[in-house]
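Okay, so here's the structure we're looking at.
Protein chains: 4
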Amino acid sequence: MRGNTFGKMLSMTSFGESHGPAMGVVVDGIPAGIPLSPTDLQKELDRRSPGKSAGTSSRKEEDGAEILSGVFEGKTLGTPLCIVIKNKDQRSRDYDPLKETFRPGHADLTTLLKYGHRDHRGGGRSSGRETISRVIGGYLASLILPKLNVWASIIKMGPFKTKPPLKRPSLGPYQFADPSQEENIEAFLLDLKEKGDSVGGIVSIKAENVPMGLGEPCFDKLKADLGKALLSVGAVAGFSYGLGESFSDLTGKELSERPPHFGGMEGGISNGETLELQVVFKPPATVGEAAQKGRHDPCIMPRACVVLESMVKFVIADHYLRQKAYEF
Amino acid sequence: MRGNTFGKMLSMTSFGESHGPAMGVVVDGIPAGIPLSPTDLQKELDRRSPGKSAGTSSRKEEDGAEILSGVFEGKTLGTPLCIVIKNKDQRSRDYDPLKETFRPGHADLTTLLKYGHRDHRGGGRSSGRETISRVIGGYLASLILPKLNVWASIIKMGPFKTKPPLKRPSLGPYQFADPSQEENIEAFLLDLKEKGDSVGGIVSIKAENVPMGLGEPCFDKLKADLGKALLSVGAVAGFSYGLGESFSDLTGKELSERPPHFGGMEGGISNGETLELQVVFKPPATVGEAAQKGRHDPCIMPRACVVLESMVKFVIADHYLRQKAYEF
Amino acid sequence: MRGNTFGKMLSMTSFGESHGPAMGVVVDGIPAGIPLSPTDLQKELDRRSPGKSAGTSSRKEEDGAEILSGVFEGKTLGTPLCIVIKNKDQRSRDYDPLKETFRPGHADLTTLLKYGHRDHRGGGRSSGRETISRVIGGYLASLILPKLNVWASIIKMGPFKTKPPLKRPSLGPYQFADPSQEENIEAFLLDLKEKGDSVGGIVSIKAENVPMGLGEPCFDKLKADLGKALLSVGAVAGFSYGLGESFSDLTGKELSERPPHFGGMEGGISNGETLELQVVFKPPATVGEAAQKGRHDPCIMPRACVVLESMVKFVIADHYLRQKAYEF
Amino acid sequence: MRGNTFGKMLSMTSFGESHGPAMGVVVDGIPAGIPLSPTDLQKELDRRSPGKSAGTSSRKEEDGAEILSGVFEGKTLGTPLCIVIKNKDQRSRDYDPLKETFRPGHADLTTLLKYGHRDHRGGGRSSGRETISRVIGGYLASLILPKLNVWASIIKMGPFKTKPPLKRPSLGPYQFADPSQEENIEAFLLDLKEKGDSVGGIVSIKAENVPMGLGEPCFDKLKADLGKALLSVGAVAGFSYGLGESFSDLTGKELSERPPHFGGMEGGISNGETLELQVVFKPPATVGEAAQKGRHDPCIMPRACVVLESMVKFVIADHYLRQKAYEF
């Protein structure tokens with residue numbers, strides 16, 4: 000009830016503060032007997048790690064995941080998997096001035112209001128580092144549906160805009176949907192960093208090979224659960240599917256004349272087509288001198304793409320297990 | 000797990016098919032001893048009833064709510080309230096041709112895929128009539144926080160656009176945020192109806208006097224639970240808060256120079272400011288001859304406003320009870 | 000969170016006060032397309048109805064169940080079933096003297112402590128009439144596992160004792176496991192009633208054809224969920240399985256030499272053998288003049304048997320759906 | 000849904016196999032700002048550790064608890080606490096012969112049936128070592144209600160019997176309610192061990208200073224949730240409260256003439272009196288040569304007492320938080 004558990008048949012319980020001993024997650028509901036690849040998991044974790052490119056944070060995180068339970072002889076046991084990553088690079092001195100500082104747009108003040116005290120050294124539970132748990136959860140969820148193909152790509156970042164790709168593209172480190180812009184984006188981000196400025200944007204997420212019939216008719220519509228999952232990610236400020244805001248520019252007749260643009264769901268239930276989702280990111284609130292000095296990304300979207308994909312995979316796998324229970 | 004229950008400390012369990020005997024809801028978690036006004040409840044139900052104005056459906060619903068439990072001598076007992084509304088005007092003959100028809104954008108096909116059979120007479124569980132339960136839930140939730148002030152107003156409908164009002168406006172039957180446009184909107188909708196066309200748009204929802212500290216740091220951020228609640232409403236295709244998509248047009252510095260536009264939440268936790276939310280509606284999928292003949296609204300937003308308000312009230316009251324449990 | 004919902008994949012949400020307009024239940028999670036028999040449901044309801052025999056309460060209840068949702072053309076739709084029974088025979092005047100009376104062993108005082116006010120006319124939510132919901136839930140659960148065979152029989156009632164039957168017996172109205180004692184029991188109960196006294200006892204419940212592998216290894220062991228289900232019934236004061244308290248009289252070696260007496264569960268998971276459960280009932284707390292005059296049973300076990308069976312069926316069906324989800 | 004999470008407002012998610020890298024638990028819902036004592040936690044863990052006395056298992060466990068999250072400067076943060084204990088003494092060779100062995104009364108066979116494969120080296124999730132999580136959970140729960148006083152004592156072990164103590168006794172290592180018998184019990188257990196035999200018994204658990212009004216009227220009665228909690232512990236085969244099975248020996252009048260024996264609950268809700276609970280333990284199923292050689296306790300009750308207390312504390316703290324939410 001403190002909101003650290005997500006999912007029903009497949010659930011993940013996240014724990015860890017950014018400057019505590021470790022981050023981690025307990026994932027319950029993975030069926031027994033599925034082979035696990037620590038290498039594949041690490042690849043996913045590396046995608047959210049900072050320091051992969053010039054325009055992202057230089058914090059060194061060394062995300063070495065340790066599996067504490069749920070696996071025997073390389074396969075899942077059907078019991079909960081606890082996977083932990085130690086916080087090696089704590090450097091808490093960096094954060095001392097923040098003791099009396101409440102950064103606007105962060106959880107600093109609201110955390111204090113809510114709990115009465117807080118770990119002032121960093122974001123605590125509200126740190127972006129919390130998303131490690133989500134990436135682990137997403138990797139494990141993907142084991143349930145091996146054909147599921149989910150990919151996120153950035154379609155708007157500051158002045159850069161492009162269209163959502165129709166097929167999974169091969170993306171560069173900035174995860175921009177038009178890879179020819181990667182160099183320009185790097186220059187743009189380095190410039191922002193130098194200025195102590197930041198930028199948000201829009202990410203497209205698509206999911207192919209989603210089984211038909213997922214999602215429940217009333218409150219747990221697939222679109223609602225996907226929306227919650229993605230809106231629970233730190234800087235996400237908006238979610239839509241299909242044509243999104245453009246739905247409001249068309250009449251019903253105009254819409255009916257276009258190729259199907261229901262975004263893969265009708266009545267909130269998957270129809271077998273590709274899911275088409277979009278999320279809006281706020282620009283990071285840390286700007287000015289703090290942003291120039293610190294280990295802050297001027298744009299967090301490149302590192303967030305794997306987190307978004309993970310949440311989508313998790314929701315789909317959870318609904319898949321739910322649906323399986325009721326099939327007679 | 001079939002997704003007919005929403006909320007944790009305060010929960011509503013919805014039931015009923017559009018052409019079955021009744022629609023209803025069981026609301027559990029309302030504290031004991033709170034006076035209840037059937038008149039106020041009926042007023043809210045009337046706001047979603049069809050036939051209130053020329054541009055809305057002519058179906059006569061007579062939403063007379065019957066309280067089956069949870070109230071004694073005019074006050075809540077602390078036990079679950081079951082409230083039921085009979086489906087008086089079933090006229091199932093209207094729907095016979097739909098037996099072999101699967102309306103695009105509706106749940107017709109996905110329901111069949113999911114369950115193997117369905118009630119072809121109407122939307123079944125996926126009918127807009129299901130939102131009766133939500134309006135009842137929202138009314139009961141509002142009893143917990145009497146100062147909470149939530150209002151929805153339409154800010155985009157086809158060619159009509161306006162800004163979200165700063166204070167609760169006095170709205171006409173079409174719930175447009177600029178009431179001076181009501182006559183034009185009526186003409187527009189009557190014309191759409193005649194053509195068998197339909198239209199979507201954007202609704203702004205604001206919530207004043209939201210207690211500080213609501214929402215949990217990780218998965219149950221207030222923005223995530225509000226998003227899920229609103230995206231679970233039939234035709235809603237997008238959700239955002241604060242500046243919404245415009246967040247992606249500003250740099251962090253530009254944003255920091257504007258008056259606070261975090262939409263009432265920081266780190267996913269309410270900060271005491273007014274919540275600012277927006278949702279996007281698809282145009283209704285029923286168009287052409289079927290829309291001309293039938294009892295279909297060319298635009299469902301006017302009747303949906305009370306449903307959106309209800310969901311927002313419910314989420315806030317649920318989080319309020321959750322937070323109360325942990326305050327020491 | 001007010002404890003009116005039971006079960007996970009299969010859930011029932013109970014509502015209604017004994018002297019309010021109606022009792023009822025919403026059952027969610029019944030798969031689609033299963034034929035339903037209102038006659039069979041009524042038979043089960045009749046088993047818990049008072050007035051069936053001389054030794055049980057004379058209150059006339061006319062439990063006519065009304066199905067409000069979830070059924071179309073005689074089959075389940077996969078949507079929630081709401082089933083309601085009106086409280087026709089309220090006679091609230093009988094209960095007026097109870098306004099200032101707190102019956103020991105009842106929920107009267109604890110309800111007032113908990114909620115601040117109460118419906119003094121009867122037990123409110125804590126009335127035995129609440130078990131109507133459970134009987135409906137148990138009937139619907141049994142549709143999921145048609146071969147499941149659950150039966151309860153009384154093995155101790157005051158001075159009467161017998162052994163748990165090995166096969167489902169044909170029982171008389173007092174549900175005593177040795178039907179040859181039915182006449183003596185009737186005389187005994189009529190005598191108790193005349194004296195204003197009451198009696199408890201022990202009920203054996205067996206379940207044949209329980210699928211193997213139900214129950215989860217840690218907190219949701221099958222024995223734990225069965226225990227909770229049965230202990231949630233009003234007058235039940237104890238639960239055990241297998242040899243029950245006699246387990247404490249045997250050494251491990253003595254136990255290993257006997258035929259398997261694990262009560263159908265090992266490690267908390269069903270092993271395919273017949274489940275063997277026992278529950279202890281307190282004597283009803285209403286005694287003396289109140290018991291002589293009123294509509295009180297001197298022993299509630301005969302009417303409770305169907306309630307116990309219903310709870311066992313519900314738990315097994317719920318765990319069956321849970322297990323189905325994870326089978327790959 | 001795999002049953003590794005217990006509790007609602009206060010929840011614990013348990014993980015770990017007996018021969019995997021670690022056992023642990025995530026406890027969510029502890030309010031912020033409560034001081035924590037690792038020493039007190041270790042004392043509780045030591046009570047369930049083997050090797051404390053001649054008659055208990057000689058396995059060396061070194062239960063050094065490591066706090067991975069949720070604590071800052073010695074106080075809780077209001078975020079989830081993950082606490083882990085490494086499995087240092089795995090000695091898996093001991094268990095190799097068990098690969099093809101299915102011990103009756105254990106989860107060996109049912110685990111294989113349920114999951115298709117298993118960790119044959121020990122009990123896996125069904126090992127008694129899993130109760131480490133419960134002890135940690137119980138310690139953390141006790142921080143919420145510092146006055147709550149819960150104690151378990153053995154009142155029957157083989158030939159030894161005594162009455163439940165009225166006040167918290169000072170117990171010896173065998174936790175027998177009559178400490179004068181400790182020496183005889185030691186001799187008895189050493190003899191059992193030599194013979195390769197085992198024994199069960201009965202444990203009394205009492206809880207003083209339980210707040211009034213805990214427990215919900217219908218399914219979540221306090222007795223039902225306590226029953227589930229205690230029945231979820233491995234070898235527990237029965238649960239009762241108050242007079243337990245003796246309730247069936249008394250008429251209602253006889254009961255009404257005795258001092259209050261409702262076991263601290265009326266209508267399933269705590270009434271402010273001391274809770275009186277009893278649980279029945281089966282004798283451990285491992286007997287004969289395996290029991291003589293191995294690290295098996297001939298009686299697990301002495302080490303289980305702290306586990307039972309922990310579960311009772313957890314249930315009471317959880318219901319306390321639930322009730323707090325609804326108090327207006």
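Chains as they are written, first to last, in numbering that gives the first Met the number 0: chain A, 0 to 327; chain B, 0 to 327; chain C, 0 to 327; chain D, 0 to 327.
Think of the CB as a built atom: it goes at the ideal place given N, C-alpha and C, for glycine as much as any other residue.
This structure is a prediction, so every number in the text was calculated from the model and none was measured.
Using a Cβ-Cβ cutoff of less than 7 Å, which residues in the same chain neighbour V83(C) once the five nearest sequence positions on both sides are dropped?
A21, G23, E65 and L67
Going by DSSP, name the residue or residues bridged to E275(D).
K205(D)
In the stretch 246-304 of chain B, which residue ranges form an unbroken alpha helix (DSSP H) of at least 4 residues, counting only runs that do not cross its ends?
251-256 and 288-292
Determine, using beta-carbon pairs with one atom in the stretch 230-242 of chain B and one in the stretch 214-223 of chain A, whether at least three such pairs fall under 8 Å.
yes
What first and last residue would you give for the alpha helix (DSSP H) that runs through G237(A)?
Not the alpha helix (DSSP H): G237(A) falls in the beta strand (DSSP E), residues V235 to Y240.
Here's the rule I'm using: 16 or more other beta-carbon atoms within 10 Å means buried, otherwise exposed. How should F327(A) be labelled?
exposed
Which first and last residues belong to the alpha helix (DSSP H) in which G146(A) is found?
Residue 146(A) is actually Lys in this sequence, not Gly. Segment: none, K146(A) is in no alpha helix (DSSP H) and carries neither H nor E.
Between the alpha carbons of K312(C) and N86(D), how many angstroms are there, rounded?
39 Å
By the three-class DSSP mapping on this structure, what secondary structure does F101(C) have?
coil
Interface flag, T38(A) vs chain C, CB-CB below 8 Å
no
With distances taken Cα to Cα, identify the nearest neighbour of V149(D) among C298(D), I204(D), N3(D) and E129(D).
I204(D)
For L276(D), which residues from the same chain have a beta carbon less than 8 Å from its beta carbon, with the 5 sequence-adjacent residues on both sides left out?
S203, I204, K205, A206, L225, L229, F238, S239, Y240, G262 and V311
For T4(D) and chain B, any beta-carbon pair shorter than 8 Å?
no
According to DSSP, simplified to helix, strand and coil, what is G73(B)?
coil
Would you report the Cα separation of V198(B) and R257(A), rounded to the nearest angstrom?
15 Å
How would you list, in chain order, the residues of chain C whose beta-carbon sits under 9 Å from the beta-carbon of P210(A)?
Within chain C, no residue comes near P210(A); the closest Cβ sits about 14 Å away, beyond 9 Å.
Taking 8 Å as the CB-CB limit, is Y114(B) close to chain C?
yes
Rounded C-alpha distance that separates G28(A) from M11(A)
9 Å
Can you give the beta carbon distance from K98(D) to R321(D), rounded, assuming they're within the 8 Å contact cut?
Their Cβ separation, rounded to whole angstroms, is 45 Å, which puts K98(D) and R321(D) out of contact at 8 Å.
What span of residues does the alpha helix (DSSP H) with V134(A) cover, start to end?
T130 to S141
Helix, strand or coil, according to DSSP, for L230(C) in the structure here?
helix
Using the three-state DSSP reduction, which class does E64(A) fall into: helix, strand or coil?
A small correction: the amino acid at residue 64(A) is Ala; Glu does not occupy that position in the sequence shown. A64(A) falls in the coil class under three-state DSSP.
How big is the Cα-Cα spacing for H295(A) and E185(A)?
15 Å
Presumed contact (8 Å Cβ cut-off) between D118(C) and L76(B), rounded CB distance
6 Å
List the endpoints of the continuous alpha helix (DSSP H) containing L108(D).
D107 to Y114
Measure the beta-carbon distance from F218(B) to G2(A) and round it to whole angstroms, keeping in mind my assumption that it falls under 8 Å.
5 Å
Residues that S10(C) bridges to, as DSSP identifies them:
D27(C)
For D45(B), count neighbouring C-beta atoms within 10 Å of its own C-beta (all shown protein chains included) and say buried if the count is 16 or more, exposed if not.
exposed
Starting from the C-beta of S126(A), find all residues in its chain whose C-beta is less than 6 Å away, skip the five residues before and the five after it, and write them out in chain order.
S17
Use the C-beta contact count for S57(D): other C-beta atoms within 10 angstroms, 16 or more gives buried, fewer gives exposed.
Only weak support exists for where S57(D) lies, its pLDDT of 49 falling under 50; the value from the coordinates is given anyway. Exposed, since its Cβ has fewer than 16 Cβ neighbours within 10 Å.
Taking C-beta to C-beta, are V134(A) and V306(A) nearer than 8 Å?
yes
Paired residues, beta bridge with K160(A) - DSSP
K155(A)
Take F5(C) and list the residues in its own chain whose beta-carbon comes closer than 6 Å to its own, dropping the five residues that flank it on each side.
M11
Taking the alpha helix (DSSP H) that I184(B) belongs to, which residues open and close that run?
E181 to K194
Assign G73(B) to buried or exposed, taking buried as 16 or more other Cβ atoms, counted over all protein chains shown, within 10 Å of its Cβ.
exposed
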